[in-house]
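*Asks:* In this note's numbering, the protein residues as written are 4 to 123.
Beta carbons are placed, not taken as given, at the ideal position from N, Cα and C, and that holds for glycine.
Note that the coordinates shown come from a computational prediction; the quantities given were computed from them, not determined experimentally.
(1) Let's test the definition: count the other Cβ atoms within 10 Å of the Cβ of residue 84 and tell me whether it reaches 16, buried, or not, exposed.
(2) Could you please give me the residues that DSSP links to residue 52 through a beta bridge?
(3) So for residue 62, helix, strand or coil by DSSP?
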């Protein structure tokens with residue numbers, strides 16, 4: 004069983020050295036990795052191999068409970084990649100800034116509290 008109900012989807016790996024946007028399979032894999040691999044990237048742009056150990060370690064270091072996580076699927080295209088690049092030049096929170104349109108404000112994660120106005 005995958006940790007925290009993770010769902011994986013097939014990806015098309017782009018060739019990093021291709022100027023035409025070739026995928027890994029169509030260009031004999033001239034890139035920086037011997038084969039397609041998954042990586043985890045933190046907000047401060049630390050890249051680690053994607054593994055359950057890396058994820059648990061990051062959550063422990065950040066003092067984040069797995070129950071506080073929400074999985075969202077994001078398609079990173081040229082526009083998003085340029086936003087990440089631009090944000091990385093001005094901030095140490097590049098992913099949060101560049102992908103902010105996909106992130107819910109903190110208040111939306113908290114339960115709504117209703118008060119009886121007569122008690123105030």
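*Replies:* Working from what's here:
(1) With fewer than 16 Cβ atoms within 10 Å of its Cβ, residue 84 is classed as exposed.
(2) Answer is 42, bridged to residue 52.
(3) Residue 62: helix per DSSP, three-state reduction.
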